[in-house]
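Following: one structure in structure tokens, then a few remarks.
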Amino acid sequence: MERWERQYEALADDLASRGLDVTAIISKIMSQVIELPSWAVGNSGTRYNVFREMGAARHIWDKVDDCAEIQRVVGVCPVMASHVSWDVTDDGRYGPVRAYAEEKGLRIGTVHPNTFMGQQFRLGSICSPEEHVRQATIDHLVDCVRITREMGSKVIGMWLADGTNYPGQDHLRKRKHRLFEGFQALYDAMDADMTLLVEYKFFEPGFYTTDLMDWGMSHMVCTRLGDRAKVLVDLGHHAQGVNIEHLLAILIDEGELGGFHFNNRKYGDDDLMAGTINPLELFLIFDQIVDATEDPLTEKTAKDIVYMLDQSHNVEPSIEGIIQSVMYTQTAYAKALLVDRAKLYEAQDAGDVILANRTVMEAYDIDVQPLLKKARVDMGLEPDPILAYRASGYADKIAAERAGEGAGALGG
Ligand code: RM4
Ligand code: MN
Ligand code: MN
0 MERWERQYEA
10 LADDLASRGL
20 DVTAIISKIM
30 SQVIELPSWA
40 VGNSGTRYNV
50 FREMGAARHI
60 WDKVDDCAEI
70 QRVVGVCPVM
80 ASHVSWDVTD
90 DGRYGPVRAY
100 AEEKGLRIGT
110 VHPNTFMGQQ
120 FRLGSICSPE
130 EHVRQATIDH
140 LVDCVRITRE
150 MGSKVIGMWL
160 ADGTNYPGQD
170 HLRKRKHRLF
180 EGFQALYDAM
190 DADMTLLVEY
200 KFFEPGFYTT
210 DLMDWGMSHM
220 VCTRLGDRAK
230 VLVDLGHHAQ
240 GVNIEHLLAI
250 LIDEGELGGF
260 HFNNRKYGDD
270 DLMAGTINPL
280 ELFLIFDQIV
290 DATEDPLTEK
300 TAKDIVYMLD
310 QSHNVEPSIE
320 GIIQSVMYTQ
330 TAYAKALLVD
340 RAKLYEAQDA
350 GDVILANRTV
360 MEAYDIDVQP
370 LLKKARVDMG
380 LEPDPILAYR
390 ASGYADKIAA
400 ERAGEGAGAL
410 GG
């Protein structure tokens, strides 16, 4: 018996003695789905430099291969989130991308329109003061519905780079009206079974105003549009100190939370590996989600949440960075599954602050690695995805095959 297997036996006994259903917990870990961002496996960089990575994906076919390799070792990422500017064939087609992904065991997840790459977007996309830019963007958004169909997906993810840099630069309320018009045009063009995820961010690239600045604004857009529009929370898109687990609890309760972009940050929209800077926050996020999943009133919204990574690997090897992020995300989720909720609610209702907080932290303190390893082995995988990836020789293979050629897209 391996060391982790002995640790697993002890943990399983302990959890069972607390009345937890270990088999059910393992099956929840196995059925979590995290979309891989196609843009994270190419080279990326900061404003200052791009460090070219040996073997970085050169084009969409490499990206699909890399995502399939990640899925081979993690088992919970059979979906690739896509960006329409970057995941297209040289002759402008999407069907072959979908076909190749499917051949590799992946399906295409959230499709992201292009509202920021191009000279025309200097003053914004759907919020631009220039009528022809707004119209061209709307035409593109409507075309993205066709692309989403071609990709075999049902989800469109919108993030706008729209904003202004200086006081007085543009009329803020006019921009709000244009924002709603643009979203309405996309929403009206969507199929009845499609979902629109509306992502917000409080700054960058605009540094004075951002048209979709926070969850309140996304929520306003979504409630105006209708049931098929939901808010997407990117963990790097808030001001310092904003309590993300609280805002998402409110959004779930309103039936308005649609998705996540996981990553981690220290200062700005840093796009670091999920769970590296603030693992406690990631755990508390999953704690709210699990809590909502177990409540009949919020169960449906909580179960329909789309999880994606949205990261940029500038100094670490991208594929390993993504694998590690998936593992840290699974860790946070597994810990949240172990919270003794009956005990927690009792302490909360009794106003026992100490015991309530301790009950949450007791779950956080449990080493769930043996549980995750067991789940992976039950899925026919190696217990440690990073070691499995390193042992596969894939990194050497792509470094040799892709040598000498430039990089894929910038992402993040
Ligand atoms: C933004 C946001 C979007 C991503 C772009 C590239 O900061 O996180 O989700 O598509 O970057
Ligand atoms: Mn994002
Ligand atoms: Mn971002």
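Residue numbering for the sequence shown follows numbering that gives the first Met the number 0, starting at 0 and increasing by one per position. All C-beta atoms in this analysis are idealised placements derived from N, C-alpha and C, irrespective of residue type, glycine included.
For secondary structure counted as the beta strand (DSSP E) over 3 or more consecutive residues, the region 226-282 holds these complete runs in sequence order: 228-233 and 256-261.
Residue burial annotation: G392 is exposed, with fewer than 16 other C-beta atoms found within 10 angstroms of its C-beta. Under the three-state reduction of DSSP output, V220 falls in the helix class.
In terms of side-chain proximity, the C-beta atom of H236 is found nearer than 7 Å to a non-hydrogen atom of ligand 3. When the beta-carbon positions are compared, W3 and P382 come within less than 8 Å of each other. Looking only at G117, P112, M116 and G94, the smallest Cα-Cα distance to R106 is reached by G94.
When distances are taken from the beta-carbon of H260 to the heavy atoms of ligand 2, the shortest one is below 7 Å.
Only residues of its own chain outside the window of five on either side were considered, and among them I385 and Y388 have a CB closer than 7 Å to the CB of E319, listed in chain order. With a threshold of 7 Å, the Cβ atom of D309 counts as near ligand 1, since some heavy atom of the ligand is closer than that. DSSP places T136 within a helical segment (H, G or I) once states are collapsed to three. For Y306, the pairing in a beta bridge is given by DSSP as I33 and F259.
Between ligand 3 and the CB of D270, the shortest heavy atom gap is smaller than 7 Å.
Judged by the Cβ position, K265 fails to qualify as a neighbour of ligand 3 at the 7 Å threshold, every heavy atom of the ligand being at least this far. Membership of G94 in the alpha helix (DSSP H) is indicated by the continuous run G94 to E102.
Residue range V78 to H82 is occupied by the beta strand (DSSP E) that includes S81.
DSSP places R51 outside any alpha helix (DSSP H), giving it a letter other than H or E.
Taking C-beta atoms as the reference points, I24 and L370 count as a pair closer than 8 Å.
Across the set T45, H260 and I155, the C-alpha of I155 shows the shortest separation from the C-alpha of A188. For T109, the enclosing beta strand (DSSP E) begins and ends at R106 to H111.
Put simply, of E1, Y7 and M0 the residue whose alpha carbon is nearest the alpha carbon of D366 is Y7. The DSSP assignment places complete alpha helix (DSSP H) segments of no fewer than 4 residues inside the region 166-194 at 171-188, in order along the chain. The beta carbon of A11 sits closer than 6 Å to those of V21, all from its chain and outside the five residues before and after it, given in chain order. In the structure shown, the three-state DSSP call for G156 is strand. Taking a C-beta distance under 8 Å as the contact criterion, G225 and Y186 qualify as a contact pair. At a Cβ-Cβ threshold of 8 Å, L171 and T208 count as neighbours. Here DSSP, grouped into helix, strand and coil, assigns G215 to helix. In the structure shown, the three-state DSSP call for L337 is coil. Rounded to the nearest whole angstrom, the CA to CA distance from G403 to K396 is 14 Å. Taking the C-beta atoms as reference points, I33 is found nearer than 8 Å to V75. Cβ atoms of L211 and V232 stay farther apart than 8 Å, at about 12 Å.
A buried status is given to F261, since no fewer than 16 other beta-carbon atoms sit within 10 Å of its beta-carbon.
Between E255 and V230, the gap from beta carbon to beta carbon is short of 8 Å. Close CB contacts of P77 within its chain, under the 8 Å cut and outside five residues either way in sequence, are with V32, Q70, G104, L105 and R106 (chain order).
Taken from the Cβ of E34, every heavy atom of ligand 2 lies 7 Å or farther away. With fewer than three CB-CB distances shorter than 8 Å, the region 59-70 does not count as touching the region 118-125. Spanning the alpha carbons of H245 and I353 requires a straight line of approximately 19 Å.
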